[in-house]
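Reading through the structure tokens given below for one structure.
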């Protein structure tokens, strides 16, 4: 009877795949939400390292790693896992994470999605990628396939963990048998961070592609200033019909900006967008999703 009760308790202690998926989704919101916030305030690492090598990187990955490590150290769970009441334990013994497992978990949680996003972003912007970057992206595809297999095995109760990373670290997700022991200040800080989860979800929703298209579709496109109101020297430098406003030559590979309605060369508008992030004519913020190729018949 005692053995049956123990088995039933262990089965109840195992989270469902829906709760695990929700925790992963919340963890994946941290980096893009922080990136949007830091981009808005212009907070980036920008300094000359050596010679012509210059570091221009965002603070989001570092802050995300610190946040995840704080939760892993205090509660043995990531930010999303703690929000849904889950805890990482050693598969064989049920013990909490040691320092090495905490560091490894925080690093994998943060920098694997970060590197994958960077690679996919470069491919989306049609930038040239080296062979090792292509191999690394193929490795990410293989990882996602292996994770899908692990998820299926977890669903049919054949595997004790849902991800190759958990299997590699020898960890599994469980409900904690008792609430975490932490001082009052730690409890208050972590609770405040969990409240920010709703803010992170709102930021991600606001900047999602679908919602941005819906909101952008209701805005009135900015009108260009009449030529007569411009100074003469500016009027002389304006492009003629069929010319790109950036290079002032005949438009090659015409591409329209959905924010302003102006048409540019594909290379010109992409280069300007990467450097300034705005429309060259109206100075309105734009992204790659705002560019529309025009195919003439």
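Residue numbers (the UniProt record's numbering): 1 to 297.
The beta-carbon is built from N, C-alpha and C at its ideal position, and this holds for glycine as well.
Distance, residue j Cα to residue i Cα
i: residue 165; j: residue 37; result: 29 angstroms
i: residue 86; j: residue 138; result: 31 angstroms
i: residue 298; j: residue 92; result: It is not possible to answer for residue 298, since the shown part of the chain is limited to 1 through 297.
i: residue 274; j: residue 257; result: 14 angstroms
i: residue 286; j: residue 156; result: 46 angstroms
i: residue 128; j: residue 69; result: 34 angstroms
i: residue 98; j: residue 104; result: 10 angstroms
i: residue 296; j: residue 121; result: 28 angstroms
i: residue 13; j: residue 169; result: 20 angstroms
i: residue 106; j: residue 140; result: 18 angstroms
i: residue 303; j: residue 241; result: A query on residue 303 cannot be resolved here, the shown segment of the chain reaching from 1 to 297 and no further.
i: residue 34; j: residue 253; result: 35 angstroms
i: residue 112; j: residue 272; result: 29 angstroms
i: residue 66; j: residue 188; result: 17 angstroms
i: residue 158; j: residue 118; result: 34 angstroms
i: residue 270; j: residue 130; result: 20 angstroms
i: residue 145; j: residue 243; result: 47 angstroms
Exposure label - residue i; buried when at least 16 CB within 10 Å
i: residue 262; result: buried
i: residue 16; result: exposed
i: residue 31; result: buried
i: residue 298; result: For residue 298 there is no data in the structure shown, the boundaries of the chain being 1 and 297.
i: residue 27; result: buried
i: residue 290; result: buried
i: residue 288; result: exposed
i: residue 163; result: buried
i: residue 294; result: exposed
i: residue 88; result: buried
i: residue 29; result: buried
i: residue 82; result: buried
For residue i, the three-state DSSP class (helix, strand or coil)
i: residue 70; result: helix
i: residue 243; result: strand
i: residue 178; result: coil
i: residue 309; result: Coverage of the chain is limited to positions 1 through 297, which leaves residue 309 absent and any answer about it impossible.
i: residue 253; result: coil
i: residue 265; result: strand
i: residue 285; result: strand
i: residue 292; result: strand
i: residue 58; result: strand
i: residue 153; result: helix
i: residue 171; result: strand
i: residue 278; result: strand
i: residue 141; result: helix
i: residue 129; result: coil
i: residue 98; result: coil
i: residue 162; result: coil
i: residue 76; result: coil
CB contact flag (residue i, residue j, <8 angstroms)
i: residue 260; j: residue 281; result: yes
i: residue 24; j: residue 80; result: yes
i: residue 96; j: residue 76; result: yes
i: residue 255; j: residue 264; result: yes
i: residue 171; j: residue 292; result: no
i: residue 114; j: residue 19; result: no
i: residue 102; j: residue 72; result: yes
Residue-level contact to chain D via CB, residue i, 8 angstroms cutoff
i: residue 105; result: Within the model displayed, chain D is absent; a lone protein chain is all it includes.
**Message:** Count Cβ pairs between the region 145-152 and the region 128-135 that sit closer than 8 angstroms; are there 3 or more?
**Reply:** no
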